[in-house]
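Enquirer:
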Ligand SMILES: [Zn+2]
Ligand SMILES: [Zn+2]
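Residue numbers (this note's numbering): 3 to 356.
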């Protein structure tokens, strides 16, 4: 089925009808170490033991680039992966992914591959993306998202959503046919920005097998525009979408890197039974340094490949998003882990149960 809509998906509509009733931060338990007013902290729901998500990170491939392309004057070479995150919302039994990372499969096998396939290259990507590969020298993922799903003893047919932080090639590719009940969810404005993609638009860096309704083989849903009342402010973020309407998983509008760019904020339980937040930052920043040095100068990219001269479509707006993430981290301290898609080490991972 090929479907793209800018209206609210029925699943989310259903959830959001209960939105107001579940948005009960007033029940938060005061914390003795809290020094900031509550409206400058993420929600505390210590008495709610049901509203959380479980999260499992998976490495996908490797990209190599000079550190100076990430942060000005940085020395050395970065070899970063592109993380994808499996998530489960126990309360509703919903299995879903945030980002897909780098593809692992050859173009000729794109629609037919099985878990047994070991053919790995990057020819599934449009020619314009492959020209970018001369810069990033990526290595394909050794496993497919389907194999990663099965490694958790999860049936791929049970996957309901694949939420994509943004449309760049290292975060999404066509869904495997075994994800037969899944839809892909993207940020507002993504479709018009990326459509129709290659091959209808021969020089496009976006794949028509995702963005072209004629070629797509799965439902693509777009989050509602920011003018929708379903977006609420969640300090310091001006637009947050309470995905399950229970405060366990928010999609965050995170402009600057690319049109439609989103991050996510997940409430997780540590192996010690305490509550933390994980911010899945996608490409809001490209290394952990920006969480702690939000004013660090962006690295330089060749303008032939990146017209803005940096990895962000709009550097000034991306800086504002980074500043919000940094402020959030500063206030939350060890109660918040910030995980970028290309971060080398996932901070605080040692506190979670895998
Ligand atoms: Zn990106
Ligand atoms: Zn990326």
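Note that the Cβ used here is the ideal one computed from N, Cα and C, for glycine as well.
Hey, which unbroken runs of the alpha helix (DSSP H) at 4 residues or more fall wholly within the segment 43–85?
Expert: Entirely contained in the segment 43–85, not one alpha helix (DSSP H) run reaches 4 residues.
Enquirer: Suppose the cutoff is 6 Å on Cβ atoms and the five residues either side in sequence are ignored; what does the same chain contact list for residue 342 look like?
Expert: Counting only Cβ-Cβ distances below 6 Å, and skipping sequence neighbours, we find 283 and 287.
Enquirer: For residue 209, verify whether its CB is less than 7 Å away from any heavy atom of ligand 2.
Expert: No - ligand 2 has no heavy atom lying nearer than 7 Å to the Cβ of residue 209.
Enquirer: I want to check one thing, is the minimum distance from the CB of residue 130 to the heavy atoms of ligand 2 below 7 Å?
Expert: No - ligand 2 has no heavy atom lying nearer than 7 Å to the Cβ of residue 130.
Enquirer: What separation, rounded to the nearest whole angstrom, lies between the Cα atoms of residue 321 and residue 266?
Expert: Distance between the alpha carbons of residue 321 and residue 266 is about 18 Å.
Enquirer: Does the beta-carbon distance from residue 67 to residue 83 come in below 8 Å?
Expert: Cβ atoms of residue 67 and residue 83: not closer than 8 Å.
Enquirer: Please look up how many angstroms separate the CB atoms of residue 314 and residue 241, rounded, as I've assumed it's under 8 Å.
Expert: So it is not a contact: roughly 18 Å between Cβ atoms.
Enquirer: When the Cα atoms are used, what is the spatial distance from residue 309 to residue 334?
Expert: Cα to Cα, residue 309 sits roughly 36 Å from residue 334.
Enquirer: Below 8 Å on the Cβ atoms is my guess for residue 124 versus residue 142; work out the distance and round it to an integer in Å.
Expert: The Cβ separation is near 5 Å, so the contact holds.
Enquirer: DSSP on residue 388, reduced to helix/strand/coil?
Expert: Beyond the ends of the chain as shown, which are 3 and 356, falls residue 388; an answer cannot be given.
Enquirer: List in chain order the residues whose CB is within less than 5 Å of at least one heavy atom of ligand 1.
Expert: Going by the Cβ distance cut-off, the answer is 170 and 285.
Enquirer: Shortest alpha-carbon distance to residue 273 belongs to which of 352, 179 and 58?
Expert: Nearest C-alpha to residue 273: 352.
Enquirer: Under a Cβ-count criterion, where at least 16 other Cβ atoms within 10 Å of its own Cβ denotes burial, should residue 357 be classed as buried or exposed?
Expert: The structure shown does not extend to residue 357, since the chain spans only 3 to 356, so no value can be given for it.
Enquirer: Here's the rule: buried if 16 or more other CB atoms are within 10 angstroms of the residue's CB, otherwise exposed. What is residue 75?
Expert: Exposed, by the Cβ-count rule.
Enquirer: Are the segment 173–184 and the segment 208–223 touching, with three or more C-beta to C-beta distances below 8 Å?
Expert: Output reads yes: the segment 208–223 touches the segment 173–184.
Enquirer: Measure from the alpha carbon of residue 131 to the alpha carbon of each residue in 182, 208 and 339, then state which is nearest.
Expert: Comparing Cα-Cα distances from residue 131 to each of 182, 208 and 339, the minimum goes to 208.
Enquirer: Specify, as a first and last residue, the run of the beta strand (DSSP E) that residue 221 falls within.
Expert: Element bounds for residue 221: 221–224.
Enquirer: With distances taken Cα to Cα, identify the nearest neighbour of residue 290 among 172, 52, 59 and 73.
Expert: Closest by alpha carbon: 73.
Enquirer: Quick one: is the Cβ of residue 230 within less than 7 Å of any heavy atom of ligand 3?
Expert: Of the ligands this structure carries, namely ligand 1 and ligand 2, none is ligand 3.
Enquirer: Closest by CA to residue 255, which one among 271, 232 and 248?
Expert: The shortest Cα separation from residue 255 among 271, 232 and 248 belongs to 232.
Enquirer: Just to confirm the assignment, what range does the beta strand (DSSP E) spanning residue 255 have?
Expert: Segment 251–255, the beta strand (DSSP E) holding residue 255.
Enquirer: Whose C-beta lies closer than 6 Å to the C-beta of residue 24 among residues of the same chain, with five residues either side of it excluded?
Expert: With a pLDDT of 28 at residue 24, under the threshold of 50, the predicted position of this residue should be treated as unreliable, though the coordinate-derived value follows. Here the set comprises 247 and 248.
Enquirer: Considering residue 194, what are the terminal residues of the beta strand (DSSP E) in which it resides?
Expert: First-last for residue 194: 192–196, but that is the alpha helix (DSSP H), not the beta strand (DSSP E).
Enquirer: Using 10 angstroms around the beta-carbon of residue 216, count the other beta-carbons present and answer buried if the total reaches 16, otherwise exposed.
Expert: It counts as exposed.
Enquirer: Grouping DSSP H, G and I as helix and E and B as strand, with all else coil, what is residue 127?
Expert: Looking at residue 127 - three-state DSSP - the assignment turns out to be coil, as it is neither helix nor strand.
Enquirer: In or out: residue 197 buried (at least 16 other Cβ within 10 Å) or exposed?
Expert: Buried, by the Cβ-count rule.
Enquirer: Put residue 331 into one of helix, strand or coil per three-state DSSP.
Expert: Three-state DSSP puts residue 331 in a helix.
Enquirer: In the DSSP assignment, what are the bridge partners of residue 164?
Expert: Residue 164 pairs with 99 and 186.
Enquirer: Looking at the structure shown, is residue 202 part of a helix, part of a strand, or coil, going by DSSP?
Expert: Residue 202: coil per DSSP, three-state reduction.
Enquirer: Measuring only from the beta carbon, is residue 344 closer than 7 Å to any heavy atom that is part of ligand 2?
Expert: It does: the Cβ of residue 344 is within 7 Å (strictly closer) of some heavy atom of ligand 2.
Enquirer: Just list the residues that DSSP pairs residue 209 with in beta bridges.
Expert: Note: residue 209 sits in a beta bridge opposite 200.
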